[in-house]
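Novice: If you scroll down you'll find the structure; I have some questions about it.
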Amino acid sequence: MAFINKKYPKLEKEFYKTFGQTFALGALPRIMWLKNNKPKIYKKVRNISMISDWILAKLSGVIAVDPSNSGTSGIFYLEKRQWKKSMAKKLGIKDSIFTKVMQTGTLMGMVTSSASKQTNLSTKTKVVMGGGDVQLGSAGLGIVKENQVAILGGSFWQQIVNIPSNTKVPNNMNIRVNPHVIQTLSQAESISFFSGLVMKWFRDSLCGLEKLQAKEQNIDVYALLEKKAANVPLGSYGILPIFSDAMKYKK
1 MAFINKKYPK
11 LEKEFYKTFG
21 QTFALGALPR
31 IMWLKNNKPK
41 IYKKVRNISM
51 ISDWILAKLS
61 GVIAVDPSNS
71 GTSGIFYLEK
81 RQWKKSMAKK
91 LGIKDSIFTK
101 VMQTGTLMGM
111 VTSSASKQTN
121 LSTKTKVVMG
131 GGDVQLGSAG
141 LGIVKENQVA
151 ILGGSFWQQI
161 VNIPSNTKVP
171 NNMNIRVNPH
181 VIQTLSQAES
191 ISFFSGLVMK
201 WFRDSLCGLE
211 KLQAKEQNID
221 VYALLEKKAA
231 NVPLGSYGIL
241 PIFSDAMKYK
251 K
């Protein structure tokens, strides 16, 4: 990434305006590294896709991407929900490697005979295009309309808000914008690292009494902690625990 920003100092901001991604998490710096450091491998590259797409390809024999995952690559047009291959040439990357796009829920095909032998799945099993974890999680929560907001917690926590796909991204490059699995929407996303892991550590290390109380009440200990936290006033008595910073894409 440092190499790209040094050689093309204004390019990251140009890419961000169109794709809602900085180079920090995108695919382009990694492809550039491959080109510069492993040219023989780079020469053999025929397709670029996500890990989930690889699994689907092994099952169906079809190599394709969906917008919600491929949007994180950093070269996927938010409004049109398609690759913008011409931008690859600005970095000297070949533009023939960008795989066809299929919307989430699209039938890709059936399980192949080869995959059936390896997995014991029937060849009548349908293989359907999936989507990103946060985007599918949002759909599962019913966050499918403009301006709806959700926080999805796991090892990391993402706070998202649904916005129209043609929304202009902010100039400060402090948030990530991904395509939603809903075709007319994108999601402005802020990520905090390790929040879910910190919650687990807090529960296991400091909440022995609450564990016993939750067991007696036959509820989840986190539900009990939420009830107790609701009684804490704004500002938490001046306590400010910092376990990790919110993601800063510009660094």
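So in the working numbering, spot 184 of the sequence shown is number 184, and the numbers just go up one at a time. Built from N, CA and C at the ideal position, the CB exists for glycine as well.
What three-state label does DSSP hand residue 141 in the structure shown?
Specialist: Residue state, collapsed to three classes: helix.
Novice: Output needed for residue 155: all residues of its chain with C-beta closer than 6 Å, excluding positions within five of it in sequence on either side, in chain order.
Specialist: Closer than 6 Å at Cβ, skipping near neighbours: 196 and 197.
Novice: Which of the three DSSP states is assigned to residue 30 in this structure?
Specialist: Residue 30: helix per DSSP, three-state reduction.
Novice: If you drop the 5 nearest sequence neighbours on each side, which residues of the same chain put their C-beta closer than 7 Å to that of residue 12?
Specialist: Closer than 7 Å at Cβ, skipping near neighbours: 5, 22 and 23.
Novice: Going by beta-carbon coordinates alone, are residue 19 and residue 76 separated by less than 8 Å?
Specialist: Yes, these two residues count as a Cβ contact at 8 Å.
Novice: Alpha carbon to alpha carbon, what distance is there between residue 88 and residue 35?
Specialist: For residue 35 and residue 88, the distance between alpha carbons rounds to 13 Å.
Novice: Drop a sphere of 10 angstroms on the beta-carbon of residue 179, count the other beta-carbons inside from all chains shown, and report buried for 16 or more, exposed for fewer.
Specialist: Buried.
Novice: In whole angstroms, what is the alpha-carbon distance linking residue 101 and residue 129?
Specialist: Computed Cα separation, rounded: 10 Å.
Novice: I'd like the span of the alpha helix (DSSP H) that includes residue 4, first residue to last.
Specialist: Unbroken alpha helix (DSSP H) run through residue 4: 2–7.
Novice: With C-beta atoms as the reference, is residue 162 less than 8 Å away from residue 146?
Specialist: In contact: residue 162 and residue 146 (Cβ atoms closer than 8 Å).
Novice: So, at 6 Å on beta carbons, what are the nonlocal neighbours of residue 135 in its own chain, with the 5 sequence-adjacent residues on each side left out?
Specialist: Closer than 6 Å at the Cβ level, and outside the excluded window around residue 135, lie 68, 180 and 181.
Novice: Let's test the definition: count the other Cβ atoms within 10 Å of the Cβ of residue 79 and tell me whether it reaches 16, buried, or not, exposed.
Specialist: The residue is exposed, with fewer than 16 neighbouring Cβ atoms inside 10 Å.
Novice: Which ranges would you report for the alpha helix (DSSP H) in the stretch 129–208 if only whole runs of at least 4 residues count?
Specialist: Correct list: 133–141 and 195–206.
Novice: Under a Cβ-count criterion, where at least 16 other Cβ atoms within 10 Å of its own Cβ denotes burial, should residue 251 be classed as buried or exposed?
Specialist: Residue placement at residue 251 cannot be trusted, given a pLDDT of 46 that sits under 50; the coordinates are not used to answer.
Novice: Just how far apart, CA to CA, sit residue 26 and residue 176?
Specialist: Each residue's alpha carbon lies about 11 Å from the other.
Novice: Rounded to the nearest angstrom, what separates residue 133 and residue 230 at their Cα positions?
Specialist: Distance between the alpha carbons of residue 133 and residue 230 is about 28 Å.
Novice: By how many angstroms is the C-alpha of residue 73 removed from the C-alpha of residue 31?
Specialist: Roughly 10 Å between the two C-alpha positions.
Novice: Do residue 103 and residue 66 have their C-beta atoms within less than 8 Å of each other?
Specialist: Result yes, Cβ atoms of residue 103 and residue 66 sit closer than 8 Å.
Novice: When you compare the CB positions of residue 109 and residue 142, do they come within less than 8 Å of one another, or not?
Specialist: Contact: no.
Novice: Look at the Cβ atom of residue 187, then the Cβ atom of residue 160, and state whether they are nearer than 8 Å.
Specialist: Yes.
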